[in-house]
Amino acid sequence: MIDANTSITTAIGVATSIETSKQELLRDLLKQVSRLFYTTLVVVPADVRDQVSLAYLFARAADTIADTELIDRPRRLDLLGQLKAQFVSDQITWPQVREIQQAVGPIQQNSAERILLERLEDCFKLFQTFTADDRRRIQRLMTTLTQGMEMDLIVFSGTSAEDLTVLKTLEDLDRYTYYVAGCVGEFWTDLMCAHRRALASWKVREMSEVGVRFGKGLQLTNIVKDIAHDLQKGRCYVPAPMLAEAGLTGRDLLDQRNRARFQPVLNKLVRMAVEHLDQGWLYAMSIPRYETRLRLSCMWPILSAGESLKLVMNSPDLLNPAIKVKIPRSKVYQIMALTTSTYACGYVGTAYWGRLRKQII
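Shown next as structure tokens:
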């Protein structure tokens, strides 16, 4: 018979092992996968940090599967489907998780992404220690995010500029931005309202809709700043009808000399992004000021997106794939320093956002 001391020792050992694994995944590995995200994550309140961190690792794992071109497209869709299946029910199918690890992990050139895939099973074990409600939130997020990745692989069947595909409608663009970013606003709102007492008075459904707009604005920002790079991969996220209004086709954007002709279309896309980000700013300012950390975690991506959009609008090389439109990391740190030193002050932040808006549109 096992005595009480042995049972206690075993329990302590298991708890210590789980805690060690959690630190390795949510601190060490996350820092390797994305140093910038890790830096901004530090400001997220401690009682929701683990959930956000693990959700990010799952999303990066899915993104890695979708982007691994050494695996053919049908197989990537199959592996994405297997990953998504783990979030459809409360049962983890461990052989499928291991199949994903074995198929995708060893061929990764990025060491952090290789380690992430190798530790995918550990991620799911950590996931099982979360509360049922938090698991449900991550399940909903991941089933939606993977739809966006599947849409990428199905709609954009080529891999180069020679096989360029253009989104057919503005509705397709709106649906895509919801799948890959808008749904994060829903997840964030649901999670924060459940764990942060200061947001207990928020109407979750209404604020989730605002959060969706927030996420869409960030994704539209990514789309316009990465347009030249995506075109070279055979993907044009600018809908065909918007291009047609300016007498353009997707293939015209491969010619850098059409930058001026593209400007009216760009103006509309950027205005759409700013209107979504305006809602994001209202979202951030709806967070009580004494929830400084939570406010900052929303202010930083909006102001960074605004700085990116300013660069986009002023870049003559937007259609040049050799030039990446990206704000320097020093600008991100400047935003973080200003807003942190003023304790997420709404007056200071809103003045900054207002100036950016005028410079953008």
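All residue numbers for the sequence shown refer to this note's numbering, where the first residue is 197 and numbers rise by one.
All C-beta atoms in this analysis are idealised placements derived from N, C-alpha and C, irrespective of residue type, glycine included.
Computed from a predicted structure; not experimentally measured.
Which of helix, strand or coil does DSSP assign to residue i?
i      : result
Val420 : helix
Cys379 : helix
Cys494 : helix
Arg489 : helix
Arg431 : strand
Val461 : helix
Val470 : helix
Val544 : helix
Val400 : helix
Thr361 : strand
Tyr157 : Any property of residue 157 remains undetermined from this structure, which presents the chain solely from 197 to 557.
Asp330 : helix
Val508 : helix
Val528 : helix
Pro241 : coil
Tyr539 : coil
Thr163 : Since the first and last residues shown for the chain are 197 and 557, residue 163 lies out of range.
Thr216 : helix
Lys520 : coil
Leu534 : helix
Thr355 : coil
Gln324 : coil
Asp224 : helix
Leu514 : coil
Ile204 : With a pLDDT of only 49 at Ile204, under the threshold of 50, the placement of this residue in the model should not be trusted; the figure read from the coordinates follows. The answer is helix: DSSP assigns Ile204 an H, G or I state.
Trp500 : Sequence inspection shows Ser at residue 500; the Trp mentioned does not correspond to that position. It is helical.
Asp451 : coil
Let me check understanding here. Comparing Cα to Cα, which of the options lies closest to residue i?
i      : options                        : result
Val293 : Lys520, Phe254, Gly550, Thr325 : Phe254
Glu295 : Gln305, Leu316, Ser285         : Leu316
Gln428 : Leu473, Val362, Ala540, Leu225 : Val362
Leu341 : Thr327, Val380, Ala357, Val351 : Val380
Val300 : Tyr486, His425, Ile267, Thr327 : Ile267
Leu273 : Glu346, Leu322, Met438         : Glu346
Ile523 : Leu534, Ser511, Ser397         : Ser511
Gln287 : Gln305, Glu220, Gln335         : Gln335
Ser404 : Leu337, Asp451, Gly354         : Leu337
Ser356 : Ser307, Ser397, Arg431, Leu414 : Arg431
Ala456 : Asn516, Glu367, Arg256, Lys218 : Asn516
Met509 : Ile261, Phe458, Arg331, Leu226 : Phe458
Lys399 : Phe410, Asp386, Val408, Asp426 : Asp386
Leu366 : Pro435, Thr289, Glu471, Asp318 : Pro435
Phe189 : Lys421, Tyr372, Gly411         : Lying outside 197 to 557, the shown extent of the chain, residue 189 is not represented and no answer is given.
Pro437 : Pro460, Lys421, Ala424         : Pro460
By a C-beta neighbour count over all protein chains shown, 10 Å radius and 16 as the cutoff for buried, is residue i buried or exposed?
i      : result
Leu416 : buried
Thr325 : exposed
Ile419 : buried
Gln282 : buried
Ile303 : exposed
Glu215 : exposed
Asp359 : exposed
Gln475 : buried
Lys554 : exposed
Could you give the uninterrupted runs of the alpha helix (DSSP H) lying entirely in the region 250–322, keeping only those of 4 residues or more? Complete alpha helix (DSSP H) runs here, min 4: 269–281, 290–300, 307–314.
Three or more beta-carbon pairs under 8 Å between the region 540–553 and the region 487–506, yes or no? Output reads yes: the region 487–506 touches the region 540–553.
If you pair each beta-carbon of the region 336–351 with each one of the region 232–249, do three or more pairs fall below 8 Å? No, the region 336–351 is not in contact with the region 232–249.
Stretch-stretch touch, CB-based, cutoff 8 Å, three pairs: the region 521–531 with the region 457–477: Between the region 521–531 and the region 457–477 there are fewer than three inter-stretch CB-CB distances shorter than 8 Å, so the stretches are not counted as touching.
Should the region 387–395 be regarded as contacting the region 447–456, the criterion being three or more beta carbon pairs within less than 8 Å? No, because fewer than three Cβ pairs between the region 387–395 and the region 447–456 fall closer than 8 Å, the two stretches do not touch.
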